[in-house]
Amino acid sequence: MAANKVFNVAVFFVVFRECLEAAVIVSVLLSFLKQSIGSNDMATYKRLRMHVWIGVVAGFIICMAIGGGFIGAYYRYENDIFGSAEDLWEGVFCIIATLMISVMGIAMLRVNKMQAKWRVKIAKAMLEVPKDRRKKWSLKYWATRYSMFLLPFITVLREGLEAVVFVAGAGITTKDSKATAYPLPVVIGLIAGIIVGTLLYYGTSKSSLQIFLVISTCVLYLIASGLFSRGVWYFDNYYFNKKTGGDASESGDGNGSYNILRTVYHVNCCNPELDNGWDIFNSLLGWQNTGYLSSILAYNLYWLVLMIVIGLMMYEERNGHLPFCKNLKLRQLKPSYYLKRKQNEELTAAEQEELFKQVNNLGVDEEGNVVVNKGDTTKVNVELVK
Amino acid sequence: MKVSTHHFLPSLLVALWSWATVAQAATHTFNWTTGWGNYNVDGNFERPVITCNGEFPWPDLKVKRGDRIQVYLTNGFDDRNTSLHFHGLSQNGTNMMDGPEMITQCPIAPGDTMLYNFTIDDNDGTYWYHSHTGGQYQDGMKGTLVVEPEDSLPFDYDEEVVVQLAEWYYDNVDTLDRKFMNVYNPTGAEPIPQNLIINNTRNMTWNVEPDTTYLLRIVNTGGFVSQYFWIEDHDMTVVEVDGVYVEKNTTSMLYITVAQRYSVLIHTKNDTSKNYAIMQKFDDTMLDVIPNDLMLNATSYMMYDKDGEKPEQSYVDSIDDFLDDFYLTPLDKVELYEDPDYTITVDVVMDNLKNGVNYAFFNNLTFTAPKVPTLMTALSAGKDALNPLVYGTNTNAFVLKKDEIIEIVLNNNDTGKHPFHLHGHIFQLVDRERGYDDAIGEGPHPFDPEDHNPFPDYPMMRDTVYVNPQSSIVLRFKADNPGVWFFHCHIEWHLKQGLALLLIEAPEEMQNTESQQLTDNHKQVCENVGLSWEGNAAGNTNDFLDLVGQNVQVANIPDGFTAKGIVAMTFSCLAGVLGLISLSTYGLMGVKKSEEEIIRDLGMDPDAVEKVDVSDINSDEDSSRTSKNIE
Numbered sequence: 001m002a003a004n005k006v007f008n009v010a011v012f013f014v015v016f017r018e019c020l021e022a023a024v025i026v027s028v029l030l031s032f033l034k035q036s037i038g039s040n041d042m043a044t045y046k047r048l049r050m051h052v053w054i055g056v057v058a059g060f061i062i063c064m065a066i067g068g069g070f071i072g073a074y075y076r077y078e079n080d081i082f083g084s085a086e087d088l089w090e091g092v093f094c095i096i097a098t099l100m101i102s103v104m105g106i107a108m109l110r111v112n113k114m115q116a117k118w119r120v121k122i123a124k125a126m127l128e129v130p131k132d133r134r135k136k137w138s139l140k141y142w143a144t145r146y147s148m149f150l151l152p153f154i155t156v157l158r159e160g161l162e163a164v165v166f167v168a169g170a171g172i173t174t175k176d177s178k179a180t181a182y183p184l185p186v187v188i189g190l191i192a193g194i195i196v197g198t199l200l201y202y203g204t205s206k207s208s209l210q211i212f213l214v215i216s217t218c219v220l221y222l223i224a225s226g227l228f229s230r231g232v233w234y235f236d237n238y239y240f241n242k243k244t245g246g247d248a249s250e251s252g253d254g255n256g257s258y259n260i261l262r263t264v265y266h267v268n269c270c271n272p273e274l275d276n277g278w279d280i281f282n283s284l285l286g287w288q289n290t291g292y293l294s295s296i297l298a299y300n301l302y303w304l305v306l307m308i309v310i311g312l313m314m315y316e317e318r319n320g321h322l323p324f325c326k327n328l329k330l331r332q333l334k335p336s337y338y339l340k341r342k343q344n345e346e347l348t349a350a351e352q353e354e355l356f357k358q359v360n361n362l363g364v365d366e367e368g369n370v371v372v373n374k375g376d377t378t379k380v381n382v383e384l385v386k
Numbered sequence: 001m002k003v004s005t006h007h008f009l010p011s012l013l014v015a016l017w018s019w020a021t022v023a024q025a026a027t028h029t030f031n032w033t034t035g036w037g038n039y040n041v042d043g044n045f046e047r048p049v050i051t052c053n054g055e056f057p058w059p060d061l062k063v064k065r066g067d068r069i070q071v072y073l074t075n076g077f078d079d080r081n082t083s084l085h086f087h088g089l090s091q092n093g094t095n096m097m098d099g100p101e102m103i104t105q106c107p108i109a110p111g112d113t114m115l116y117n118f119t120i121d122d123n124d125g126t127y128w129y130h131s132h133t134g135g136q137y138q139d140g141m142k143g144t145l146v147v148e149p150e151d152s153l154p155f156d157y158d159e160e161v162v163v164q165l166a167e168w169y170y171d172n173v174d175t176l177d178r179k180f181m182n183v184y185n186p187t188g189a190e191p192i193p194q195n196l197i198i199n200n201t202r203n204m205t206w207n208v209e210p211d212t213t214y215l216l217r218i219v220n221t222g223g224f225v226s227q228y229f230w231i232e233d234h235d236m237t238v239v240e241v242d243g244v245y246v247e248k249n250t251t252s253m254l255y256i257t258v259a260q261r262y263s264v265l266i267h268t269k270n271d272t273s274k275n276y277a278i279m280q281k282f283d284d285t286m287l288d289v290i291p292n293d294l295m296l297n298a299t300s301y302m303m304y305d306k307d308g309e310k311p312e313q314s315y316v317d318s319i320d321d322f323l324d325d326f327y328l329t330p331l332d333k334v335e336l337y338e339d340p341d342y343t344i345t346v347d348v349v350m351d352n353l354k355n356g357v358n359y360a361f362f363n364n365l366t367f368t369a370p371k372v373p374t375l376m377t378a379l380s381a382g383k384d385a386l387n388p389l390v391y392g393t394n395t396n397a398f399v400l401k402k403d404e405i406i407e408i409v410l411n412n413n414d415t416g417k418h419p420f421h422l423h424g425h426i427f428q429l430v431d432r433e434r435g436y437d438d439a440i441g442e443g444p445h446p447f448d449p450e451d452h453n454p455f456p457d458y459p460m461m462r463d464t465v466y467v468n469p470q471s472s473i474v475l476r477f478k479a480d481n482p483g484v485w486f487f488h489c490h491i492e493w494h495l496k497q498g499l500a501l502l503l504i505e506a507p508e509e510m511q512n513t514e515s516q517q518l519t520d521n522h523k524q525v526c527e528n529v530g531l532s533w534e535g536n537a538a539g540n541t542n543d544f545l546d547l548v549g550q551n552v553q554v555a556n557i558p559d560g561f562t563a564k565g566i567v568a569m570t571f572s573c574l575a576g577v578l579g580l581i582s583l584s585t586y587g588l589m590g591v592k593k594s595e596e597e598i599i600r601d602l603g604m605d606p607d608a609v610e611k612v613d614v615s616d617i618n619s620d621e622d623s624s625r626t627s628k629n630i631e
């Protein structure tokens, strides 16, 4: 427990990951501004750059406030919230955390793709011009005028809240974790994310950065697989404790402290919840001194599924589609693809080219708003700038 | 000549026995058929109980020393066996009438009848009888037995009252058993009773006369909890424990484990204006949990004035002031048996076996019944009967030589109290150490022969004693009663968990004694239940040393990793490593490709870009290149 009192590994990686994404967005935004406006109008560029940073800081502060409140409240009311179903909730949070890490983790390996995605998104956002400019005090007008503030603000807020939800969840998934286990990993995660983001912006050796990202991702997925296994383990433990009336938790490590009928292995030591040191193995690798059939299967199946998905992604990157399905891409398998009607927003290479051309023609009108220079926008696709 | 000296003077005893049989021995014949009926014991809840000839409770018996008892016990159940044990009788020469199934007899099959036929030559005092088949007495198959001496008792009294204490469950033992011996009861937590009962009821009323001496024969016929017992404002003078008359000892409170008996004298007051509470209290330290709705006290009424107000329950300042039976002295002052010829040291442990069920162990063996009742093995094994092996390796069998002084050193490594009972004997309690409380971090303290309490000159003798938590007791007795005697914890749950051992006393003498031979009825009972009445513990009649096929306990839980665990670990590690390799491969090999993709996305020719800027590919290449493109 000693380790968990000051440093929660899962929290660190999640904060790092979210911070990195926010840094990518901000860096993309800043480089757009530099290219399009910085070359023409230095004063406006500086003003807009200030907007960006104010947005980043504002978003960050709000996130920290919400996150702090969230975690504080959890530790204050912990027992009231979960009561005897603690193991069940730990299991549920473990599974949720696993899903979150699994879905977002792999994007870290394609930080350049992440950059590209955000370039398109930001370009679209910047080109959004209100149709009716007479309503000076309308929300839309305001949003346009301060778009350079709103974009990073919303981005940081969104990524930050994602991290907050996870951090709170990760805390719950670590039994006997203390509120003191958060500040350090959060701060270090932030610092690491900002350093990597800065490196991305100013440019550094691509290969060493990529190796760093690969290692981080590997650790992240080790944690995720461990969390998944732990989640299933907690379900089993919950079931056992419920059937025994909580007797087992009195028994420490020894015989009777676990459901032997579902056990693959058990060692009377190294209990992550009781013995110092083993909790690190628990949070990093999902170690339990009792291996239930379900938790071991979960661990192995997690890696199997991950390897299959990676295989599919590699195939798609090489061939442009999934094996045996010429018109199917991985993202088309995601439900959100249809929910958000993303198929309408998919850009062809030509459309993207057009989009970036427009972004580079950004200018500032007499009121100080960011606008697209009219002369070059003959080919603007209305659907596209929606 | 005092009556109570007879136990220990065999020659005198024989003389008396012949005198008794000649002079006034009576034969009491009972025809009892077991069955089920519904009965509301505590006034709150009606439940199925085991009946005797359709009636409940079972009869309380009163006989005279030297009398013959003949019980024709017919098994009236249709789905279970039964048996009957008279608790505390020495059954000298009639071991096969003792009753525990698979020890001295085969279980009685449904529809079958067994005759328990013996004389009570060596005992008088307070006794009881009960089924010795898995928990049946907790469902009501039990009663008290008072044996009057041939002469007068060594004390005066006016009237005699038998008080039968017990705990009561609302579920029957079958239901409780399923939950108890279960993987989901990993700590072996004993089921919690719903009530304490007295004379098979609750809130009993006892009308007393003033200025009268009552002899209360108090028997705890429960199967689990010990009880504190006291009567408001009335002292009790203990005169007998477990059939042993003791020097008078006055106390205000008794502590009675299951199966123990205390006879006390109570002299009533002259004043009849007030009625007094008779109190029973759970020893709640024996309960795994104390449910909110469990009444730890039970109140009955000692009524001087029948029409008067019933007393409120009586509180005491401390329940630690009960009589410690260790300090009682038998009236006939049997001296401490010196220098045991044979010392049996056993350690009590509760632990789980591979099926997840919690068992109780003597020296790492949980008693597992043999395939042939041990007495029948002893009678059929010839010379091999002296070899403990023939009684099985999972029965904790010890063979004792005739007239040896036997010492049992019992170290209780468990954190609970246990009342241990020896069949066929009363023993001297020569040492009982204090309890050690695990709640304050104390560990088990086994008996240390070099450092223990001084042994008393005239140790207390009885047939059931408790050992304190994580502590020890030392018992001594003389092996003067040939037979197979069961030594076990009298908590019925713990007996089910296997907290028992076997003492096979002078088997060769048994083989040569006419009265110890199996009756046809015994053999028939075995045949009707499909068991052999000869052979070793495995049922082998040819080679008594060949135990192939004997009953053994469930396997131990293995230490550390088994093959299964190693396979699981290996696969998990392999899965992890392969997963990391594929992640890394994807992470490293994909870079170039995706750069090209983005460059294409931006409408440029990747080859051209490569030529322009190969050495310095950095992360914001996309944006810088875009701007180059514009320029």
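These protein sequence lines map, in sequence, to chains D and Z. Oh and the first sequence: position 120 is 120 in UniProt numbering, straight run, nothing missing. Oh and the second sequence: position 140 is 140 in UniProt numbering, straight run, nothing missing. Note that beta-carbon positions come from the ideal geometry of N, C-alpha and C, so glycine has one too. None of these values were measured; they are calculated from a predicted model.
query                                                                                                                                                                                                         : result
So which residues on chain D does residue 562 of chain Z lean against when the C-beta distance must stay under 7 Å?                                                                                           : 265
So, helix, strand or coil for residue 17 of chain D, using DSSP?                                                                                                                                              : helix
Taking the alpha carbon of residue 179 of chain Z as the point to measure from, which residue in D:244, D:239, D:119, D:235 has its own alpha carbon closest?                                                 : D:244
Could you please give the first and the last residue of the uninterrupted alpha helix (DSSP H) stretch that includes residue 179 of chain Z?                                                                  : 173–180
Please report the distance separating the alpha-carbon of residue 633 of chain Z from that of residue 214 of chain Z.                                                                                         : Here chain Z has residues from 1 to 631 only, and residue 633 of chain Z is not among them.
Using a Cβ-Cβ cut-off of 7 Å (strictly less than) and excluding sequence neighbours within five positions of residue 163 of chain D, which residues of its own chain qualify?                                 : 14, 15, 18
Check whether the segment 90–98 of chain D and the segment 217–233 of chain D touch, using three or more Cβ-Cβ pairs below 8 Å as the test.                                                                   : yes
Whole-angstrom Cβ separation of residue 217 of chain Z and residue 163 of chain Z, contact assumed at under 8 Å?                                                                                              : 7 Å
Who does residue 115 of chain Z pair with in a DSSP beta bridge?                                                                                                                                              : Z:72
In three-state DSSP terms, what is residue 513 of chain Z?                                                                                                                                                    : coil
Can you confirm whether residue 311 of chain D, when its beta carbon is compared against all beta carbons of chain Z, has any partner nearer than 9 Å?                                                        : yes
Starting from the C-beta of residue 28 of chain Z, find all residues in its chain whose C-beta is less than 8 Å away, skip the five residues before and the five after it, and write them out in chain order. : 61, 63, 67, 68, 69, 70
Mind checking which residues open and close the beta strand (DSSP E) that includes residue 302 of chain D?                                                                                                    : First-last for residue 302 of chain D: 293–319, but that is the alpha helix (DSSP H), not the beta strand (DSSP E).
Among residues of its own chain, excluding the 5 on either side of residue 12 of chain D, which ones have a beta-carbon nearer than 7 Å to its beta-carbon?                                                   : 185, 188, 189
Residues of the segment 344–367 of chain Z with a CB closer than 7 Å to any CB of chain D: list them in chain order, please.                                                                                  : 351, 352, 354, 356, 358
Give a yes or no on whether the C-beta atoms belonging to residue 62 of chain D and residue 155 of chain D are separated by under 9 Å.                                                                        : no
Please tell me whether, using a cut-off of 8 Å, the distance from the CB of residue 563 of chain Z to the nearest non-hydrogen atom of the ligand SAH is below it.                                            : Only the bare structure without any ligand can be found here, which leaves the ligand SAH out of the picture.
Indicate whether at least one CB of chain Z lies closer than 9 Å to the CB of residue 210 of chain D.                                                                                                         : yes
Are the segment 253–271 of chain Z and the segment 320–336 of chain Z touching by the rule of at least three beta carbon pairs closer than 8 Å?                                                               : yes
Where do the ends of the beta strand (DSSP E) carrying residue 87 of chain Z lie?                                                                                                                             : 85–87
Inspect the CB distances between the segment 185–193 of chain Z and the segment 237–250 of chain Z and report whether three or more fall short of 8 Å.                                                        : no
Using a Cβ-Cβ cutoff of less than 7 Å, which residues in the same chain neighbour residue 438 of chain Z once the five nearest sequence positions on both sides are dropped?                                  : 415, 470
Per DSSP, what kind of secondary structure is residue 632 of chain Z in: helix, strand or coil?                                                                                                               : Here chain Z has residues from 1 to 631 only, and residue 632 of chain Z is not among them.
According to the Cβ coordinates, are residue 553 of chain Z and residue 387 of chain Z closer than 9 Å?                                                                                                       : no
With a threshold of 8 Å, are at least 3 pairs of Cβ atoms found where one atom belongs to the segment 444–454 of chain Z and the other to the segment 493–512 of chain Z?                                     : no
Identify each residue in the segment 179–195 of chain Z for which the Cβ-Cβ distance to at least one residue of chain A is less than 7 Å, and report them in chain order.                                     : Absent from the structure is chain A; the protein chains it does hold are D and Z.
So, with DSSP's three-state summary, where would you put residue 526 of chain Z?                                                                                                                              : helix
Taking the beta strand (DSSP E) that residue 422 of chain Z falls in, what are its first and last residues?                                                                                                   : 418–422
Please classify residue 279 of chain Z: does DSSP put it in a helix, a strand, or coil?                                                                                                                       : strand
Can you give me the start and stop residues for the beta strand (DSSP E) that residue 148 of chain Z sits inside?                                                                                             : 142–148
Against chain D, which members of the segment 574–591 of chain Z pass a CB distance test of less than 7 Å?                                                                                                    : 575, 576, 578, 579, 580, 582, 583, 584, 586, 587, 588, 590, 591
Under 9 Å, Cβ to Cβ, is there at least one residue of chain Z near residue 94 of chain D?                                                                                                                     : no
Quick one: give me the first and last residue of the beta strand (DSSP E) that residue 185 of chain D is part of.                                                                                             : That residue, residue 185 of chain D, is in no beta strand (DSSP E); its alpha helix (DSSP H) goes 183–202.
Could you tell me the distance, in whole angstroms, from the CA atom of residue 216 of chain D to the CA atom of residue 353 of chain Z?                                                                      : 44 Å
Between D:59, D:73, D:208, which has its C-alpha nearest residue 158 of chain D's C-alpha?                                                                                                                    : D:59
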